[in-house]
Amino acid sequence: MAKVKQVGLLAAGCQPWNKDVCAASGDRFAYCATLAIYVYQLDQQYNEFKLCSIMSEHKKTITAISWCPDNADLFASASADNLLIIWNVAEKKAVARLDNTKGVPVSVSWCWNSADGVAFVSQRGPLYVWDYRGSDAAVTVHKEAHSFLSDICLFRWHPSKKGKLVFGHTDGSLSVFQPGSKSQKHVLRPESLEGTDEEDPVSALEWDPLSTDYLLVSNLHNGVRLVDSEGLSCITSFCFPSAAASVQCLAWVPSAPGMFITGDSQVGVLRVWNVSRSTPLDSFKLKKTGFHALHVLSAPLAKRPQSSSSPSKSQHTSSTSEAVPPPTLSQNRAFSLPPGHAVCCFMDGGVGLYDMGAKKWDFLRDLGHVETIFDCKFKPDDPNLLATASFDGTIKIWDTNTLTAVSTSPGNEGVVYSLSWAPGDLNCIAGATSRNGAFIWDVRKGKIITRFNEHGKNGIFCISWSHKDSKRIATCSGDGFCIIRTIDGKILHKYKHPAAVFGCDWSQNNKDMIATGCEDRNVRVYYLATSSDQPLKVFTGHLAKVFHVRWSPLREGILCSGSDDGTVRIWDYTQDACINVLSGHTAPVRGLMWNTEVPYLLISGSWDYTIRVWDTRDGTCLDTVFDHGADVYGLTCHHSRPFTMASCSRDSTVRLWSLTPLVCPLLLNILTETPWDRIIGNTDAAMVPGSPPLLCGKVSRDIKQELDKLSGDGRSRKLRWFSESFSSEAQELTIVKMSKFGGGIGAPSKEERLKEAAEIHLRLGQIQRYCELMVELGQWEKALAVAPGVSMKYWKKLMQRRADQLMADDNDDAIPYCIATGDIKKLVSFFTSRGQLLEALLIVQGACEGNIRSPQSSSINHTTNDVDNRQQYQSLLHHVCKELAEWYFQDGRSVLAACCHLAVDNIHSAMASLIRGNELELAACVGLVLGEAANQSTAYCLELLARKYMTAPTWELSADLLQMIPDNHVLLAKLCAFHPGSAAEINQLHQRCGLPSLDECSDLAVAAAADGDLFSAVKFHLLSSEPELALQMGLSFLKEQLAGSDWTVDGVQPILDLLSYIRTDRLVLPRLTQERSELLILCGYIGGLLAIRRSYCSIVPALYEFTSQLLKRREVGVPLQIQQLSAELEAWRAATQPGSPPSESQREEFSCLQRKIQSSEPGALVLVGPDYVTGSNLPSHSDLHLSCFTGHRIQVSACAVLFPGVAGRHDALVLVLFASGTGVPAGGQQVGHFSERRSDVGQGQPVLPARNRAADQPVLTSTGPDAEGAEPIMG
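Add 968 to a position in the sequence shown, counting from 1, and you land on the number used in the numbering used here.
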């Protein structure tokens, strides 16, 4: 099982230095950071864009991307290392590579005549065309597009006119090429540049989609022109309101012919234009920083159906007939903005999706780093704030709860290599730069308050603020000095090294001790309490330069160092010795972090793109994480949740990780009321090799001290406090505030005669007719102002009509109308249809609490109506919470899904979410705290945890968990039956579990068989010294049952479940080959039926296929036929999946199937839907992992084991799966290996080691004594 789980991702921003770094196609858009491409896709169910993949094969700056116009799954990208890659977005992999583009491509575009051809150009040409799918993948040169006199900024193929293309140059000119016509090079310069040597680069260039000859061109300082490429003339020059405005980018709006948008380069102003006029139609200031790139999505986001409640217009109207209102127009009154979504990239790295029609952000990723992130640190007094230092010259502060940037440093610092928070609540950060020395940034004031320049122009690689003495700051530099100074700049010590110094760290136990890492391969320890400038200790042993050093926070005198030799060394200051060498990284080591609770846990990050978790007692690597797409530089530990850490990388991302799986047994010890000395201990006890983990840090000690103060039973508080410190995510549902209500939107004026008629009706007292005429004029405010004069009922109906009209236009201004009329159900439907579930929840909560009320038209039965309304609102609240929970669960956040259910006291669903999400330890804690209401779910969760820990070091823990469950006799029997030890060890476990000895079990089995008690006979045979007798007896019963026509799953599953716990050493005996095959077949078939019962659809076909394959290959006596399995599977598909209706025979077959799987216990706990297991749903980089069950890319969905006794073998057995359990017995006995392998991404990529991100992807193998000639069953 994976020891590290990714729980958060801070994506990079968009780079601001290359032009074509933003692209879109259909329901996807992509943008480029420096080394990675971020691809977002629309989630159709919830109508929101989600990050679906990160492509990071490029090792140098990405210079351009282009989406294939003929295949929405393909796009091309180029980089500064002369590399061009074709990507398949659906499969998340590179499908072709061109390793030598003969120059750095500045622009890339798919060819006009072939989905297989990609054109690219660099500087002054020529234009190359790569036929990447051709037999020889040839690169050809365009016959005419070469030998340009000015560098190329970008080029565009015409979307419809064959072979026509245009280039934009840095001198402001265009070059146009068309087959059969004379080439036009360096034409159409802006008039102001004619006859001069001045340059004004072409910043954007787009063909008019409705013309063969017109194109829009913008120059950075000379604005936007519509030019005729055939007549070589300027048709329109567009006027800007200010001469200072400069255009950085532009894009046509596909849904509105003739309309386009531009983005200013200095300030984030989006302007909307039409080619019919030279001035902008409208403009919006979206950000303070300027635009860098724009792209309009051609496929609009899905909208809810238009309301059909408005009546059709009639020629004959009475004084009470409803008027048909005009369409809602924008406040500009001159035009209506089309439904369009613009992908906006800004100079500060911000990326967003702007809804131009609604004038709001659908998505905004603000202030992301666009370059390598060298360091990251949690804030000491507020560990929910994380600071990052980057190559882009800024330090940014992030709120890790919302994953948003909350502050950024002034910038212009060159490269920021390192940062260090001030101790306590000083709210300052010290930063180290490549050229501007070191500085202190006052976060609250938002400015630099101090600078240190003692190192001159030399780069400072590390800065460390002493947390034992807040007045001292250390820096180390390429000049060979480590300087200790006070915060006011007074130098205290200046330690000279023979070469550059890369790292330093203050001892956490001695305020006067500091360690350094040097380019001369040595680690030095200095003692500040003396006047000597010589080190107290010099540790030698590394074979290359030493970068970072870190003192252990828990073990005095212990420090580690990471080196370019790929190793991490552990040094003992008291022994003057290296006590361990951690080898495993294949490139220089950069990030280092000790865990602050478990003294032997060390985490390292490397240029080999991996993070490794080490047990420093024996040098074992406990886990390797591959999710970063480039060098890993910084690692930091959360101060109040010590098993949450963050990492940063050259891939420009920050990732949050949970280390909780490393210490899950500790949480279970807390659950089972284990004595404190097995939970919290001293470092000496924890450092004994092979001993279970113990907590030794401040967080656990503080919790214990608080618990010791409590009187009475503090178990609930104990579970809650420890769960919070172990957990990596928020434990409560956070509701965001709804955006401000908008006011009504005015409408254009109408004919004067209608206004006069309305005034006449008003004077005559015909108020309703006046209102209808105002509605027809579009003047809703006037109509609504006098509508109460007719009646409150009429006013309410008019408000509802206005809301319906606005909702049909997907306009947020409908919200206040619904609230004013108390139409909660309509407003909730409006939000849920748009995927705004949090807003829907906020509204229905307000209604339940009585904050939103419907206006009363009479004084009768108010109390009855209020009661009825509250009941409706409660029902609505349950519905919205359920939908929100499902949204969280599908997004991989099962804890928040459970919180949604708990908010409305839906305990069963809350526990199911945690169990399906594989948050078993947390589920058990929650269940025990909730008490009797969760008893059934808690018992099931404890059973799953016991299965999980049925391994050599944790058998006793498994037994303790089972003993917490009432009626646990059968469960304990399964545990003992599965134990692989000697007879003495098995008898000892029997005694611990209150079961008879091996010999007594044999006698009891014979007696039970004589009494006709088959279940007891099978159970006691399993517990005896001859468990194979149970296998023979149980299989005979099962085959007899399946030979009949009236059997059910619940009638056979208990026996089959028992048999699956037979000991491996007996099951692999050659004489049991047939029985073993029969057991596998029956488990596969019954597992498939159980998957149907719980709607775990993705694994049903795989289980049926598994069973069919075994029936083909093995000689067995099972009463199952392959034709029967095929008929059942087809009947299930026809009856449950969309498509053609099932035939009569399929209906009968499915009816028979339903009878078999119907539960005989109505109150039994049945989970519904797929499980989400150990992995994260967050993307890593462009690795591809395909499930052998579904054939789709692996994300988080997974299947679990029904019969873990069968699954955990290294014999010829293959993994048997079903859908009612979670977790696989961990440890060294596995046949169906739950693992994930990296696919060949590109050419010549190595296959990386297997890693457990999700359990839906076993690579199934056959091994063991009878596996001669056996074929892998699947995978």
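Beta carbons: idealized from backbone N, C-alpha and C, even for Gly. This structure is a prediction, so every number in the text was calculated from the model and none was measured.
Query	Result
For residue 1146 and residue 1131, believed in contact at Cβ under 8 Å, the rounded distance	7 Å
Residue 1016 - containing alpha helix (DSSP H), residue span	First-last for residue 1016: 1016-1023, but that is the beta strand (DSSP E), not the alpha helix (DSSP H).
Proximity to residue 2244 [Cα-Cα], best of 1547, 1962, 1808 and 1966	No answer is possible for residue 2244: the residues shown for the chain start at 969 and end at 2243.
Segments assigned alpha helix (DSSP H), at least 4 residues, entirely inside the segment 2063-2097	2068-2081
Exposure label - residue 1320; buried when at least 16 CB within 10 Å	buried
Secondary structure, alpha helix (DSSP H): runs of 4+ residues fully inside the segment 1031-1068	none
Local conformation of residue 1175 per DSSP, three classes	strand
One or two residues paired with residue 1600 in a DSSP bridge	1617
Beta-carbon separation (whole angstroms), residue 1382 vs residue 1361, contact threshold 8 Å	6 Å
C-alpha distance - residue 2051 paired with residue 2024, whole-angstrom precision	7 Å
Nearest-angstrom Cα separation, counted from residue 1916 out to residue 1926	8 Å
Which of helix, strand or coil DSSP assigns to residue 1841	helix
Nearest-angstrom Cα separation, counted from residue 1562 out to residue 1465	26 Å
3 or more residues per run - each beta strand (DSSP E) lying fully within the segment 1152-1217	1152-1155, 1170-1175, 1182-1187, 1191-1196 and 1201-1206
From 1932, 1931 and 1943, residue whose alpha carbon lies closest to that of residue 1919	1943
With 16 other Cβ atoms within 10 Å as the buried cut-off, status of residue 1676	exposed
Separation of residue 1007 from residue 1169, as counted between CA atoms	29 Å
Residue environment, residue 1117, which counts as buried when at least 16 other CB atoms sit within 10 Å	exposed
Residues bridged to residue 1474 [DSSP beta-bridge criterion]	1482
Opening and closing residue of the beta strand (DSSP E) in which residue 1256 lies	From DSSP, residue 1256 is part of no beta strand (DSSP E); its letter is neither H nor E.
First through last residue of the alpha helix (DSSP H) which encompasses residue 1939	1937-1946
Expected contact under 8 Å - CB spacing of residue 1030 and residue 1045 to nearest Å	6 Å
Presumed contact (8 Å Cβ cut-off) between residue 1603 and residue 1615, rounded CB distance	5 Å
For residue 1092, the nearest candidate out of 1517, 1115, 1753 and 1492 (CA to CA)	1115
Whole-angstrom distance between residue 1870 and residue 1279, CA atom to CA atom	Unreliable positioning characterises residue 1279 in this predicted model, as indicated by a pLDDT of 38, which lies under 50. The coordinate reading is nonetheless provided below. Rounded to whole angstroms, residue 1279 to residue 1870 spans 44 Å at the Cα level.
Beta-carbon contacts of residue 1390 that lie in its chain and below 6 Å, excluding the five residues immediately before and after	1396 and 1433
Local Cβ density within 10 Å of residue 1820, reported as buried at 16 or more and exposed below that	buried
CB contact flag (residue 2128, residue 2016, <9 Å)	yes
Euclidean distance between Cα positions of residue 1053 and residue 1408	42 Å
Pair within 9 Å by beta-carbon distance, residue 1240 and residue 1253	no
Which residues DSSP lists as bridging residue 1886, in chain order	Answer is none; residue 1886 lacks a bridge partner.
Run of the beta strand (DSSP E) containing residue 1329, from where it starts to where it stops	1328-1333
Sequence-distant residues of its chain with Cβ nearer than 8 Å to residue 2086 (five each side left out)	2007, 2010, 2046, 2049, 2050 and 2079
Selection from 2021, 1481, 1402 and 1679 that minimises the alpha carbon distance to residue 1470	1402
Below-9 Å beta-carbon distance, residue 1133 vs any chain E residue	In summary, chain E is missing from the structure at hand, where a single protein chain is found.
Contact test: residue 1020 Cβ vs the ligand GDP heavy atom, cutoff 8 Å	Among the components of this structure there are no ligands whatsoever, and the ligand GDP is therefore not found.
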